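Using numbering that gives the first Met the number 0, the letters of the sequence shown map in sequence onto residues 0 to 260. Ideal Cβ placement from N, Cα and C applies to all residues, glycine included. Note that the structure is a prediction, hence the values are computed from the model and not measured. In what follows, a structure is listed as structure tokens, so that the remarks can point back to it.
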Amino acid sequence: MAPPILVTGGTGTLGRHVVARLSDAGRDVRVLTRRGRPAEGGVEFVTGDLASGQGVERAVAGVETIVHCASSYRGDPGAARNLVRAASRAGRPHLVYISIVGVDRIPISSPIDRTMFGYYEAKRVTERVVTDSGLPWTTLRSTQFHDLILKVAQALARSPVMPVPAGFRFQPIEADEVAARLVELTLGTPAGLMPDVGGPRAYAAADLVRGYLRAAHRRRAVVPVPVPGKAARAVRGGANLAPEQAVGRRTWEEFLSDRVR
Ligand SMILES: NC(=O)c1ccc[n+]([C@@H]2O[C@H](COP(=O)([O-])OP(=O)(O)OC[C@H]3O[C@@H](n4cnc5c(N)ncnc54)[C@H](OP(=O)(O)O)[C@@H]3O)[C@@H](O)[C@H]2O)c1
């Protein structure tokens, strides 16, 4: 019997798909979550908190591979350090990490950069924690998931005027398509930094929001707002996009027609 695969963040948007796909592939899966629950269809839930390190030792015990999908709005290099420390003591499992396209190309050199893109900086530091961990590793960078863009559009639509960053484009991808690639890498051998994955096409931020408004039959004023700073300039130049790696098939419009009424 193959040892279980640990999925951190296995209750989240991406992690849920990863867990389902690993289970479908016949693997036993263990999920580390802050809110434990009884096992369900071959999936074991271990209560733990990567921020404090509590429960992490138990979660990594006996696993051969860890898919690290857990994340908070802070980006959490500290959580990754706790995970790596416990994993190194548990027998050097393969660590598979999900990062974001552009973390290496979006410079953070001022407070405004950090306010807008501090999460990217934290992900870049976390990538280094993985690379320097001494564990065999694989990292995949993805563009934004459809779910995230939808959440942002819904939040902005609470106001009658929706400010969107002028000149920003995004290349949203279906989380399950990212999960499919991540599972392929998880079931393979450690491969280091992999080619990016992105959605089928890039859209202006204003067009993504307008697409949402159309699908939701809502009317709002969409106002492009200039964003200062070097990080924003890099994003306007497309540093967050992966045009050569547009491997996702499902479009924003298809996602909206399923998810928005
Ligand atoms: N969203 C995007 O557009 C996007 C794009 C590219 C890459 N990514 C990366 O993909 C990963 C998953 O993103 P997502 O949007 O699927 O995340 P999400 O839906 O926000 O889920 C976050 C997960 O992290 C877990 N978590 C948070 N803090 C934790 C802690 N202290 N200890 C243990 N678990 C903790 C949560 O589990 P519990 O609440 O059950 O504890 C939850 O399952 C992240 O690394 C993100 O940076 C996301």
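Three-state class that DSSP yields for residue 149 in the structure shown: helix
Distance cut-off 6 Å: residue 144 Cβ against heavy atoms of ligand 1: yes
Between the CA atoms of residue 118 and residue 163 - distance to the nearest angstrom: 18 Å
Beta-ladder partner(s) of residue 221, from DSSP: As computed with DSSP, residue 221 is found in a beta bridge with 161.
CA-to-CA distance, residue 183 to residue 262, given in whole angstroms: Only positions 0 to 260 of the chain appear in this structure, which leaves residue 262 out of reach.
Ligand 1 heavy atom lying under 6 Å from the CB of residue 186: Distances from the CB of residue 186 to the heavy atoms of ligand 1 are all 6 Å or more.
Distance between residue 149 and residue 38 (C-alpha atoms, nearest Å): 31 Å
Option in 83, 212, 32 and 238 with minimal Cα separation from residue 129: 83
Option nearest residue 85 by Cα separation, candidates 5, 52, 77 and 97: For residue 85, the nearest C-alpha among the options comes from 52.
Local conformation of residue 82 per DSSP, three classes: Taken through DSSP and simplified to helix, strand or coil, residue 82 comes out as helix.
Paired residues, beta bridge with residue 67 - DSSP: 7 and 96
Nearest-angstrom Cβ-Cβ length linking residue 180 and residue 135, presumed shorter than 8 Å: So it is not a contact: roughly 18 Å between Cβ atoms.
Alpha-carbon spacing of residue 40 relative to residue 100, whole angstroms: 33 Å
Residue 260 versus residue 216 - alpha carbon distance: Rounded to the nearest angstrom, the gap between the Cα atoms of residue 260 and residue 216 is 8 Å.
Residue burial classification, residue 72 (beta-carbon count within 10 angstroms, cutoff 16): exposed
DSSP state of residue 213 mapped onto helix, strand, coil: helix
Cβ-heavy atom distance, residue 147 to ligand 1, below 6 Å: Checking every heavy atom of ligand 1 against the Cβ of residue 147, one is found closer than 6 Å.
Whole-angstrom distance between residue 111 and residue 227, CA atom to CA atom: 7 Å
When 17, 145 and 49 are compared against residue 32, the one with the closest alpha-carbon: 49
Cβ-heavy atom distance, residue 14 to ligand 1, below 6 Å: yes
Nearest neighbour of residue 6, chosen from 139, 45, 67 and 138 [CA to CA]: 67
Rounded C-alpha distance that separates residue 198 from residue 80: 30 Å
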